[in-house]
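Residue numbers (the working numbering), protein chains in the order written: chain L, 1418 to 1695; chain W, 30 to 274. To start, the structure itself, in structure tokens.
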């Protein structure tokens, strides 16, 4: 299946992706993101049943698992697009979210402050269709970073260049392919200099031939040392960049591991899933 | 009796009175359009908001969507002066009646337009750290406006036609002018044909104007005027790209 085929990104040199878990470079010290005891129910269904995860600076975490396992909800909890019923999100030493039951109450940051440190890329791109590619990137620079129009445009253009779309700056989303739209969305999130980037199935809505260009941009980001949390079905790509791979099923983290998780999973559910998608 | 016994020249004789009637109709409708747009937007927000304000909006919308223009204007012109002792001019009464009625319709137009903007766009704005008000004005409202525009055009045409009922309070609009001319000439077929033509042509003109607006708001913008405006922006981007290259 196309899902697991390592496409173009494998052509980029693997060794350049810093594998922080293995060399232990940043395993010590405060994690960039730490979520603790995240619980979330939609009506009678408990979709997250106590999730703990630490992401260190420069680390690339891949979350995978069957649909309905709660992987997107975990991702959306990190920037509180999904408000957990309980649990805590800690970014940059500040606690956000409702908190862990039984813990003493500490000062909790506002969701907007959290989101200004966390970038997110969606499955459906969510570009603003009435704005050009350049204005899509420049709008948040003006409204969030309070940049002047000219400065915002310049920074937006730099950001578009980084994803290889500078020459498409004046195009509207409707004039761009899905892959190009997703790259603009990546540029938009990147331009705000986030501490961590969240990717919610960024290639799932793309035609197969457009998947490669998006994964290539993400791979470059990984090489540049961006802290990333990626929900994906592209296990080939996961194997490529994942320092910490997280297998989720039915609202819990079943198993985690570095690359060997794909070669020799120990949990039978992980084994079944990896065998099924291979 | 052949069609030759109709005096079609009458239309020419009454041209200035008829066109003045149209002007009055357009004036009343245009003022009411502005008020109903603002009112409709406010009602749409209330309707999509929390109870009990959403219920108030819902009741308002259902009451005034069900009221005929004729009844409303009589009620405003005669009823309000009886109740409150306020005497409106016929022009004011017409504007108030249309504003009240069409705010209710506009509320539904704007509500459906706002709801047609994908939810993901708000989420994207939030994820970028934008404030809700900023997301509304920079992301949601421009898209909703574009979606709503053709329906706003239809509303405006409806308003112009509804002014015909204001003849009942003596507003000198197209129908009133037609009635007066008929009283002098006894040529109802000719005169009402002229009135019909005036309404149809007015509706056509409004349609053309709104189509221009739609083209200008499409992404990328279409139409000559927006192409000129866009050229300036394109030039700015290309200068910037030139700098960066």
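Ideal Cβ placement from N, Cα and C applies to all residues, glycine included.
Verify the CB distance criterion: does residue i have a CB-CB separation below 7 Å to chain L?
i	result
residue 156 (chain W)	yes
residue 74 (chain W)	no
residue 153 (chain W)	yes
residue 77 (chain W)	no
residue 159 (chain W)	yes
residue 248 (chain W)	yes
residue 140 (chain W)	no
residue 49 (chain W)	no
residue 149 (chain W)	yes
residue 263 (chain W)	yes
residue 145 (chain W)	no
Alpha carbons only, please: which of the options is nearest the one belonging to residue i?
i	options	result
residue 56 (chain W)	W:201, W:236, W:273 and W:241	W:201
residue 91 (chain W)	W:230, W:216, W:136 and W:36	W:136
residue 174 (chain W)	W:128, W:206, W:73 and W:234	W:73
residue 1619 (chain L)	L:1459, L:1469 and L:1479	L:1479
residue 1540 (chain L)	L:1654, L:1615 and L:1634	L:1615
residue 1371 (chain L)	L:1453, L:1469, L:1452 and L:1476	An answer regarding residue 1371 (chain L) cannot be provided, because it is not within the stretch 1418 to 1695 covered by chain L.
residue 184 (chain W)	W:227, W:152 and W:139	W:139
residue 51 (chain W)	W:243, W:273 and W:227	W:227
residue 238 (chain W)	W:179, W:99 and W:209	W:179
residue 1633 (chain L)	L:1496, L:1596, L:1554 and L:1693	L:1596
residue 65 (chain W)	W:127, W:88, W:78 and W:98	W:127
residue 1583 (chain L)	W:77, W:266 and W:214	W:266
residue 122 (chain W)	W:114, W:132, W:107 and W:111	W:107
residue 89 (chain W)	W:100, W:109, W:98 and W:68	W:68
residue 181 (chain W)	W:224, W:43, W:46 and W:62	W:62
residue 39 (chain W)	W:256, W:219, W:236 and W:83	W:219
residue 1623 (chain L)	L:1600, L:1529 and L:1638	L:1600
residue 60 (chain W)	W:141, W:129 and W:147	W:129
residue 1470 (chain L)	L:1517, L:1670, L:1555 and L:1565	L:1670
residue 1552 (chain L)	L:1542, L:1577 and L:1533	L:1577
residue 1532 (chain L)	W:134, W:71, W:141 and W:158	W:158
Just curious, the alpha helix (DSSP H) that residue i is in, first and last residue?
i	result
residue 43 (chain W)	No alpha helix (DSSP H) holds residue 43 (chain W); DSSP gives it neither H nor E.
residue 228 (chain W)	217-246
residue 179 (chain W)	170-191
residue 141 (chain W)	119-145
residue 1459 (chain L)	From DSSP, residue 1459 (chain L) is part of no alpha helix (DSSP H) but of the beta strand (DSSP E) over 1450-1459.
residue 271 (chain W)	253-273
residue 197 (chain W)	First-last for residue 197 (chain W): undefined, no H or E at that position.
For the beta strand (DSSP E) that residue i lies in, which residues bound it at each end?
i	result
residue 1493 (chain L)	Where residue 1493 (chain L) is concerned, there is no enclosing beta strand (DSSP E), although the alpha helix (DSSP H) it sits in stretches over 1488-1495.
residue 1696 (chain L)	The requested residue 1696 (chain L) does not occur in the structure, where chain L is confined to residues 1418 to 1695.
residue 149 (chain W)	Not the beta strand (DSSP E): residue 149 (chain W) falls in the alpha helix (DSSP H), residues 148-156.
residue 1504 (chain L)	1503-1508
residue 1730 (chain L)	Any answer about residue 1730 (chain L) is impossible in this case: the structure gives chain L only from 1418 up to 1695.
residue 1515 (chain L)	1511-1516
residue 1526 (chain L)	Neither: residue 1526 (chain L) is in no beta strand (DSSP E) and is coded neither H nor E.
residue 1672 (chain L)	1669-1674
Counting only C-beta atoms, is residue i closer than 7 Å to chain W at any point?
i	result
residue 1545 (chain L)	yes
residue 1679 (chain L)	no
residue 1498 (chain L)	yes
residue 1591 (chain L)	yes
residue 1570 (chain L)	yes
residue 1454 (chain L)	no
residue 1614 (chain L)	no
residue 1537 (chain L)	yes
residue 1599 (chain L)	no
residue 1688 (chain L)	no
residue 1515 (chain L)	no
residue 1622 (chain L)	no
residue 1645 (chain L)	no
residue 1625 (chain L)	no
residue 1529 (chain L)	yes
residue 1619 (chain L)	no
residue 1461 (chain L)	no
Chain W partners of residue i, CB-CB under 8 Å?
i	result
residue 1458 (chain L)	Residues of chain W passing the Cβ test: none, with the nearest at roughly 20 Å.
residue 1609 (chain L)	157 and 158
Who are the neighbours of residue i on chain L, taking C-beta pairs under 9 Å?
i	result
residue 94 (chain W)	Ordered by position in chain L, no residue passes the 9 Å Cβ test against residue 94 (chain W), which lies about 30 Å from the chain.
Going along chain W in order, which residues have a C-beta closer than 9 Å to the C-beta of residue i?
i	result
residue 1525 (chain L)	Residues of chain W passing the Cβ test: none, with the nearest at roughly 17 Å.
residue 1561 (chain L)	157, 158, 159, 160 and 163
residue 1533 (chain L)	157 and 158
Can you find a heavy atom of the ligand COA that lies under 6 Å from the Cβ of residue i?
i	result
residue 225 (chain W)	In the structure shown, the ligand COA is absent, as is every other ligand, since no ligand is present at all.
Using the beta-carbon of each residue, which ones in chain W are nearer than 7 Å to residue i?
i	result
residue 1551 (chain L)	266
For residue i, which residues in chain L fall below 7 Å Cβ to Cβ?
i	result
residue 269 (chain W)	1570, 1571 and 1574
Residues of chain L with a CB under 8 Å from the CB of residue i: which are they?
i	result
residue 273 (chain W)	1571, 1574, 1575, 1578 and 1583
Within the segment 1610-1660 of chain L, ranges of the beta strand (DSSP E) (whole runs, at least 3 residues): 1613-1617 and 1645-1648
Alpha helix (DSSP H) runs wholly inside the segment 1556-1610 of chain L, at least 4 long, in chain order: 1566-1579 and 1595-1607
Short-range partners of chain C found in the segment 160-188 of chain W, where Cβ spacing is below 8 Å: The structure shown contains no chain C; its protein chains are L and W.
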